[in-house]
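At the far end of the sequence shown sits residue 432, using the working numbering, and the numbering has no gaps. Glycine residues also receive a C-beta, built at the ideal position from the N, C-alpha and C atoms. Just so it is clear, the structure is predicted and the values come from calculations on it, not from any experiment. Each remark here refers to the structure printed beneath this line.
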Amino acid sequence: MFVIRLFRQNPIPFAHPPTPSNRCFCYSKLRDHYAFESPPSLSPKPPPPELKPRQNKPLKPRYKPPSSLDLADKKPKHSDLPFDFQYSYTETSLSVRPIGLREPKFSPFGPGRLDRKWTGVCAPAVDPKVSSLESTEDPKLEEKRRVMWENIQGEPLTGAERKTLVETCQKKKTKRQINLGRDGLTHNMLNDIYNHWKHAEAVRIKCLGVPTVDMKNVCTQLEEKTFGKIIHRHGGFLVLYRGRNYNPKKRPFIPLMLWRPHEPIYPRLIKTTIDGLSINETKEMRKKGLAVPALTRLAKNGYYGSLVPMVRDAFLCCELVRIDCQGLEKSDYKKIGCKLRDLVPCILVTFEKEQIVVWRGKDYQPSESECFLTVRESFDDVDGNTNCVDNDDDNENFDDECSDAGFQSGNNE
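So this is what it looks like as structure tokens:
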């Protein structure tokens, strides 16, 4: 009891400094005997500093992703290739001029990226300031192309060298291949060929679709635009050799097309009345042509290398020929009909019901001057000995891939 009464009379002072929250404001003698300092968290808070006026910081510029169209402080690029730049070199005919343009003359290379002016159809190499579609090609360009081709090719390959290169391009040896499809030899495909030539002297090219109707033109355009040489051909398979003096570090600059240009407006292929016939005779001929048995049926994106000889042979016994094109794109069988009109030659009757109907004309004479490429092509070496590279594996691969890709029916009726 005594202890409790003494404790009540002299209570233990607080160890904490007196604060307004404490009910007892007694001073502790422990501060005099011990060097005790309270932690900062228990010490009274200092007065808040005076608020300074906020300064407006300059805003950061918004992020702008890099763009290939941004040509700040960049000059237009120049290419020394001696030919006009087109989207496709095998699907455009220089003899047929467009009658108009669907869109403005907007360059597919991008605005201000190239020093050649886009005319709506091509970027001519003649004059970068050309403003008309009727520009003619400079006669010096043909000689320049020939000299450049001879300098790159050097001495011709021997038969053994050619056979070795062709064997290295077989499917069992390499998977490198360039596919030439319905658009033909496009401009950007030239850059792909040069990229393949960095790693190998020759590249394999597989051709299918509308351009294979005229394989002679495909081979010619490949050699002229790439300055290479075709050393082997079996149907739609080509082997393109780069040349002895080719230097990958000195490859020509090829500006890439950033988008596909719009198709120009060309004259109509099918006329209301066929030349030399009346309206009633034209209608009767179209009905008769659709009733004629089909010569063959074309598969979608197939190989059509033997179509022109088939139509020429059919014209020897009948005046109308019908080709079944069910499943093909409308633009594809129109391009095929346009090529038949120029190569056979013949007169287009109708494209109705996904059919191509052609007429040989009144005064038809079979053309014997032009010769078309055979299925397998032979080449001559330096000594004049014919060297046709026949590889059974390559022939089997070609037959397997094109069995369902060329003529589905494959028979003449």
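M304 is a Cβ neighbour of V368, given a cutoff of 8 Å. Between P271 and L120, the gap from beta carbon to beta carbon reaches 8 Å or more. Around the beta carbon of C336, fewer than 16 other beta carbons sit within 10 angstroms, so the residue counts as exposed. Residue range 349-362 is occupied by the alpha helix (DSSP H) that includes C357. Taking all protein chains in view, the Cβ of G173 is surrounded by fewer than 16 other Cβ atoms within 10 Å, so the residue is classified as exposed. Burial state of H97 is exposed, judged by a 10 Å Cβ sphere holding fewer than 16 other Cβ atoms. Per DSSP, the continuous alpha helix (DSSP H) segment holding T187 begins and ends at 178-187.
Put simply, the segment 133-144 touches the segment 100-119. At least three CB pairs are less than 8 Å apart.
Judged by their CB atoms, L277 and K244 are not nearer to each other than the 8 Å cut-off. For D233, the three-state secondary structure derived from DSSP is helix.
Bounds of the alpha helix (DSSP H) holding L309 are 298-310. The C-beta of T292 has fewer than 16 other C-beta atoms within 10 Å across all chains shown, which makes the residue exposed. In this structure, V145 is the residue among V145, E169, I171 with its C-alpha nearest to the C-alpha of L160. Taken in chain order, the complete beta strand (DSSP E) segments of 3 residues or longer contained in the segment 222-298 are 248-253, 256-260. Counting every other CB atom within 10 Å of its CB across the protein chains shown gives V166 a total below 16, marking it as exposed.
Counting along the chain, the unbroken alpha helix (DSSP H) around L160 starts and ends at 158-172. Residue pairing from DSSP leaves L335 without any beta-bridge partner. For K353 and A179, the gap between their C-alpha atoms comes out near 43 Å. In the structure shown, the three-state DSSP call for I366 is strand. The beta-bridge partner set that DSSP reports for F104 consists of A142. Contact check for G254 against Y322 passes: the beta carbons are separated by less than 8 Å.
Rounded to the nearest angstrom, the gap between the Cα atoms of L184 and L241 is 18 Å. By the Cβ rule, the segment 213-224 counts as touching the segment 188-204, because three or more pairs are nearer than 8 Å. Looking at the DSSP output, T205 bridges to S107. In the structure shown, N198 falls within a strand segment according to DSSP collapsed to helix, strand and coil. Across the set L275, T239, H251, the C-alpha of L275 shows the shortest separation from the C-alpha of H206. Pairing R331 with L314 gives a Cβ-Cβ distance that is not under 8 Å. Judged by their CB atoms, C344 and I366 are not nearer to each other than the 8 Å cut-off. The alpha-carbon separation between G200 and R287 amounts to approximately 24 Å.
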